[in-house]
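One structure is given here, and the rest of the page talks about it.
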Amino acid sequence: MALLVFIGAAIVTKQVDFIFNRDMGYNKDQLLIITAYPKRWDSIGVQKMAFIKQGLLQLPEVKSATLSFDLPDRVPVNSPLDFLPMKGGTSPVPVPSFVSDEDYGETYQLQMKAGNFLNYKKSFIPGQVVINETAARLLGVSPNDIGRNLKLLQGQTLTLTGIVKDYNASSMQQAISPLAIYHVQEGTAYRYLTVKLKNASTNTIDHIKAEWQKLSPNTPFEYTFMDEKFSALYKSELQLKKAASTATILSLIIVFLGIFGVVSVMLTKREKEIAVRKVLGAEAQNIFSLFIKEYVLMLLVANLISWPLAYYFMSAWLNNYAYRTQQHIGVYLFVAAVLLVLVCLLVGMRTFKAAITTPVKSLRSE
2 MALLVFIGAA IVTKQVDFIF NRDMGYNKDQ LLIITAYPKR WDSIGVQKMA FIKQGLLQLP
62 EVKSATLSFD LPDRVPVNSP LDFLPMKGGT SPVPVPSFVS DEDYGETYQL QMKAGNFLNY
122 KKSFIPGQVV INETAARLLG VSPNDIGRNL KLLQGQTLTL TGIVKDYNAS SMQQAISPLA
182 IYHVQEGTAY RYLTVKLKNA STNTIDHIKA EWQKLSPNTP FEYTFMDEKF SALYKSELQL
242 KKAASTATIL SLIIVFLGIF GVVSVMLTKR EKEIAVRKVL GAEAQNIFSL FIKEYVLMLL
302 VANLISWPLA YYFMSAWLNN YAYRTQQHIG VYLFVAAVLL VLVCLLVGMR TFKAAITTPV
362 KSLRSE
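Quick note: the sequence shown uses the numbering used here, first residue 2, plus one each step.
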């Protein structure tokens, strides 16, 4: 059980580290997410938020800002756009979509494979769209098609301005899906104003809050950071990692207490045997090997039982993730080696006194 829990904890830790160290396709650092109030979902509301955005951009602490309906923490839930493929079929391809402005790509540091992110650094042009690599592949679109029209099932057309490199717009439990982004001035719905900061600090937040209240009085200033939302997205994984580590420590303590007790009993019962062996020339290492070989055999049997079980259970858990770490033999060997070393140290410390005790003390009653 100790090996099984230990292996499980090691693989959970490895997967959590994989999640937090993987290139998500965007940069979540220094991103301040402000809930966009007032939520007036019409052209006047969008213009009001654009005015607030421009005001915040005047602050020296702000690098860029963008207004959008969604963040990269879930697949957009609004109705997908039904595109007709350019090549490779006639059936419509539903593509999840959301609205943002032309600065979304720069603020989140998305990588463009071709073209520009909407009307980037230009005045608003209606009827534009950006798609990701997955959508481009499904629609038969290539970089050479930048500037061409994409037809929708309903008969409208949207001008393709760019293809953005695939990025994780949701949890890593889901594979990257096709994605389309069009301008917020056409959708008129918005929820977040994301601000890219030069340096996140208490003073910076205070300055932004003061400017917000000046530009939009009587509206709440509610904010969070993108890295906090990212951590919340994997809250269950972080809790599982903590619980698995705690369970590993507790199981090892139970195992070592058991070993300590059994070795103590065996030393008491075999005290005279050890003394006779020392009289006949046995060294301290011989006494140590006399006890440790029994535990090495038990460890071998325990590994033979626990490895297949751990592989089965952890494979089932990892299959919940579209993007996951691999179960390498190194993890299993590392756990086995750590437990072997700890058992050897424990048995060695417990038998050390018996190994150096003068045999006369144990044999004087004979």
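Quick reminder that beta carbons are idealized off the backbone N, C-alpha and C, glycines included.
Check whether residue i and residue j have beta carbons under 8 Å apart
i	j	result
V47	T162	no
Y183	Q112	no
Q174	F125	no
M350	I34	no
L139	P93	no
V336	F7	yes
L4	L340	yes
A181	I250	no
Residues near residue i by beta carbon distance below 6 Å, same chain, minus five either side
i	result
Y105	T67 and S69
Y324	M173
T326	K15, Q16 and F19
Any non-hydrogen atom of the ligand MN within 7 Å of residue i CB
i	result
A311	Absence of the ligand MN is noted for the structure shown, with no ligands found whatsoever.
Collapsed DSSP secondary structure at residue i in the structure displayed
i	result
S84	Sequence inspection shows Phe at residue 84; the Ser mentioned does not correspond to that position. If DSSP states are grouped into helix, strand and coil, F84 belongs with the strands.
V266	helix
V130	strand
T225	strand
A1	The displayed coordinates of the chain run from 2 to 367. Any statement about residue 1 would go beyond what the structure contains.
K114	strand
L4	helix
L1	Here the chain comprises residues numbered 2 to 367, so residue 1 is not present and cannot be evaluated.
V142	coil
V63	strand
P77	coil
Residues that DSSP places opposite residue i in a beta bridge
i	result
H184	S101
Y193	T36 and S69
V96	L82
K152	T158
L198	V63
Same chain only: Cβ atoms within 7 Å of residue i, ignoring 5 sequence neighbours per side
i	result
Q31	K197, L198 and A201
Y27	P73, Y109, Q110, L111 and Y168
D71	P77 and F99
T205	E62 and L198
Same chain, Cβ closer than 8 Å to residue i, five either side skipped, listed in chain order
i	result
L387	As shown, the chain starts at 2 and ends at 367. That puts residue 387 outside it, with no answer to give.
A245	V6, G9, A10, V13 and T14
E134	K114, I164, V165, K166 and D167
Open item on the list: At 3 residues or longer, what runs of the beta strand (DSSP E) sit wholly inside the segment 157-181?
Closed with: 158-165
Open item on the list: Going residue by residue through the segment 312-360, where are the continuous beta strand (DSSP E) segments of at least 3 residues, counting only ones entirely within it?
Closed with: none
Task: Every unbroken beta strand (DSSP E) inside the segment 208-255 [3 residues or more] - done: 224-226
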